[in-house]
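In terms of our numbering, the sequence shown opens at residue 251 and continues consecutively.
Backbone N, C-alpha and C fix where the C-beta goes; we use that ideal spot for every residue, glycine too.
Keep in mind the model is a prediction, meaning the values are calculated, not measured.
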Amino acid sequence: MAKKRSRLIEIWRYRQPERLLFLWSFMAIAVGYVLVLVRKTGVTPFDWRVLSPLAVYLSAMVIVHITLVLFKFRGDPMLLGVVFFLAGFGILAQFRMGTMDFTGSENYSRFALPAGLALMLVVILLFRKGRYLILEPLAVSCLFATIALLGAIFVWGERYRGALFLPGNINPADLVKIFLVIFLAGFLVRWRREFEPTSGVLPRLSSAAVIFLLVFWCIPMLLLLLQRDLGMIVLLNAVLIVLLFTATHRIAYLAVGLVSAGVLCVAVYVLTAHGQARFMAWLDPFADATGKSWQILQALSAMYSGGLWGVGLGSGSPQHIPIASSDFIYAVIGEELGFVGCGIVLIFYLVLFFRGFRIAAQIGKPFGRLLATGLVTTLACQTLLNIGGVTKALPLTGITLPFISHGGSSLLTTFLGVGLLLALSEKERQQSSSNKEQIKRAKADI
251 MAKKRSRLIE
261 IWRYRQPERL
271 LFLWSFMAIA
281 VGYVLVLVRK
291 TGVTPFDWRV
301 LSPLAVYLSA
311 MVIVHITLVL
321 FKFRGDPMLL
331 GVVFFLAGFG
341 ILAQFRMGTM
351 DFTGSENYSR
361 FALPAGLALM
371 LVVILLFRKG
381 RYLILEPLAV
391 SCLFATIALL
401 GAIFVWGERY
411 RGALFLPGNI
421 NPADLVKIFL
431 VIFLAGFLVR
441 WRREFEPTSG
451 VLPRLSSAAV
461 IFLLVFWCIP
471 MLLLLLQRDL
481 GMIVLLNAVL
491 IVLLFTATHR
501 IAYLAVGLVS
511 AGVLCVAVYV
521 LTAHGQARFM
531 AWLDPFADAT
541 GKSWQILQAL
551 SAMYSGGLWG
561 VGLGSGSPQH
571 IPIASSDFIY
581 AVIGEELGFV
591 GCGIVLIFYL
601 VLFFRGFRIA
611 AQIGKPFGRL
621 LATGLVTTLA
631 CQTLLNIGGV
641 TKALPLTGIT
651 LPFISHGGSS
661 LLTTFLGVGL
671 LLALSEKERQ
681 QSSSNKEQIK
691 RAKADI
């Protein structure tokens, strides 16, 4: 009994950084929430249900933290704190936009955060302590599941804002990201030597593994192209290049990836009217200021009006920005919190990516290392594509901003990926602690 109590105390102390981040995150989000609430309610009667998102946020923090302590989880003690800040910022942003509404009965997206956190906890407890390795034999199955999902959308899908969604506005491409990362990690571990060129720069195209990857990778890419999901094509191919480089340590893959990206952009521009419109809106937005370029011009105008400090939470005009709660939420942040607010959000994203790549670098198993690298690369590319599109550094892709943009299926799969990453981090921690014990024993023997 005393031993169990001492272990709980040890875990409680180990997860102290997480508690501190939770505390500071809640305080910051609560202050912002109250500011928005004061501006939104005004002279209208106050309804206590408007505090429900904040209560859900606090309850989720407490439940997740206590659960991890009781299960003696020794994963990364900072990653989840950073994730909770970004998720809390998403609650604040969506509450400001009016999409986080607990006073109505038809808004089911309000349940995305608690459902995502519950899914994350299940994934952590299911795949911790090296049990993520059960996913390695399922790599090819994940590829075929991806093709089946993308094929199903042509049968049951409905077009909304130019894209295809399953009933309930479910975007299967969000789950496809996780499936294809698992496939690539397992496949490259199994056939890594086939992708290491014995002579020259690139591997032999006659290799069965190389042919298999080329053929079956093109199938989901073609399905995504038919769905006009150009952003997901760019994201997934970036993940492919990064994982090929991570598995083989051949810098040639990065060079080939850059050249391929250029060829892909030219092909999309030449072959698709949708791609031409995106590129023209990026290169010369004033050529069609009231048409295809209306979104980006309104976003840039909002961010410009925000200046350094912003106009204040709840004081902006996001109603002038099309799809402000989803694709252009970063423009709303720029208008109301200014350059400083955008910078703070970027810093937390960078910390998240740094912790994620650090976890990946310290995992001993090749499959775990590639899986973690793929998950973090997915989040990083998604963030880059969204912010780059909003600020006109890149063409618009329709990719959402992780944790902050409105979208139930996107938030669920993002928390699924975070759960896998946290499960992988515990294995790394256990390996590190066991190595330290071995060193201590060796010194004692000497």
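Bridge-paired residues (DSSP) for residue i
| i | result |
| --- | --- |
| Phe415 | Glu408 |
Residue i burial status per 10 Å Cβ neighbour count (16 or more: buried)
| i | result |
| --- | --- |
| Ile259 | exposed |
| Thr540 | exposed |
| Met277 | exposed |
| Asn516 | According to the sequence provided, residue 516 is Val. The question's Asn does not apply to it. Exposed: under 16 other Cβ atoms inside 10 Å. |
| Leu486 | buried |
| His524 | exposed |
| Asp297 | exposed |
| Ala497 | buried |
| Arg257 | exposed |
| Gly401 | exposed |
| Ile461 | exposed |
| Trp262 | exposed |
| Leu476 | exposed |
| Tyr599 | buried |
| Arg360 | buried |
| Tyr283 | buried |
| Leu415 | In the sequence as displayed, the identity of residue 415 is Phe instead of Leu. With 16 or more other Cβ atoms within 10 Å, it is buried. |
| Leu304 | buried |
Distance between residue j and residue i (C-alpha atoms, nearest Å)
| i | j | result |
| --- | --- | --- |
| Arg265 | Val426 | 32 Å |
| Ala365 | Leu662 | 7 Å |
| Ile546 | Gly639 | 8 Å |
| Thr317 | Thr627 | 28 Å |
| Ala252 | Leu375 | 24 Å |
| Leu480 | Lys254 | 52 Å |
| Leu550 | Phe653 | 22 Å |
| Phe323 | Arg378 | 8 Å |
| Ala343 | Trp532 | 26 Å |
| Gly606 | Gly669 | 12 Å |
| Ser660 | Asp577 | 12 Å |
| Gly338 | Ala423 | 24 Å |
| Leu434 | His656 | 28 Å |
| Ala505 | Phe445 | 15 Å |
| Leu473 | Ile420 | 17 Å |
| Lys642 | Phe321 | 45 Å |
| Arg381 | Leu367 | 20 Å |
| Ala280 | Trp274 | 10 Å |
| Phe495 | Leu388 | 22 Å |
| Leu393 | Leu596 | 32 Å |
| Val390 | Val489 | 17 Å |
| Met350 | Ile432 | 32 Å |
| Tyr519 | Leu301 | 47 Å |
| Arg269 | Val306 | 17 Å |
| Ile403 | Val465 | 21 Å |
| Ala552 | Arg443 | 51 Å |
| Arg608 | Leu602 | 10 Å |
| Pro568 | Ala398 | 38 Å |
| Leu463 | Tyr503 | 15 Å |
| Arg500 | Leu508 | 14 Å |
| Asp534 | Ala527 | 10 Å |
| Trp406 | Pro470 | 17 Å |
| Pro267 | Val319 | 13 Å |
| Met482 | Leu646 | 12 Å |
Residue-level contact to chain D via CB, residue i, 9 Å cutoff
| i | result |
| --- | --- |
| Phe433 | No chain D appears in the structure shown, which is made up of a single protein chain. |
Beta-carbon gap between residue i and residue j smaller than 9 Å
| i | j | result |
| --- | --- | --- |
| Val314 | Leu271 | no |
| Gly556 | Gly593 | no |
| Arg346 | Gly564 | yes |
| Ser385 | Leu672 | Looking at the sequence provided, one finds Leu at residue 385 rather than Ser. No, they are not a contact pair. |
| Leu644 | Leu651 | no |
| Val492 | Thr623 | yes |
| Thr396 | Leu430 | yes |
| Leu383 | Gly618 | yes |
| Gln632 | Ala581 | no |
| Leu674 | Leu621 | yes |
| Val588 | Leu558 | The sequence as given places Gly at residue 588; Val does not occur at that position. Yes, they are a contact pair. |
| Ala362 | Phe334 | no |
| Gly325 | Glu676 | yes |
Where are the beta strand (DSSP E) runs, 3 residues long or more, that stay fully inside the region 611-661, in chain order? none
Which parts of the region 445-499 are runs of the alpha helix (DSSP H), unbroken and 4 residues or longer, counting only runs that do not cross its ends? 458-476 and 480-498
Where are the alpha helix (DSSP H) runs, 4 residues long or more, that stay fully inside the region 332-388, in chain order? Qualifying alpha helix (DSSP H) stretches, in chain order: 362-377.
With a floor of 3 residues, list each beta strand (DSSP E) that falls wholly inside the region 252-285, ordered by position along the chain. Qualifying beta strand (DSSP E) stretches: none in this window.
Continuous alpha helix (DSSP H) assignments of at least 4 residues falling wholly in the region 538-576: 544-556
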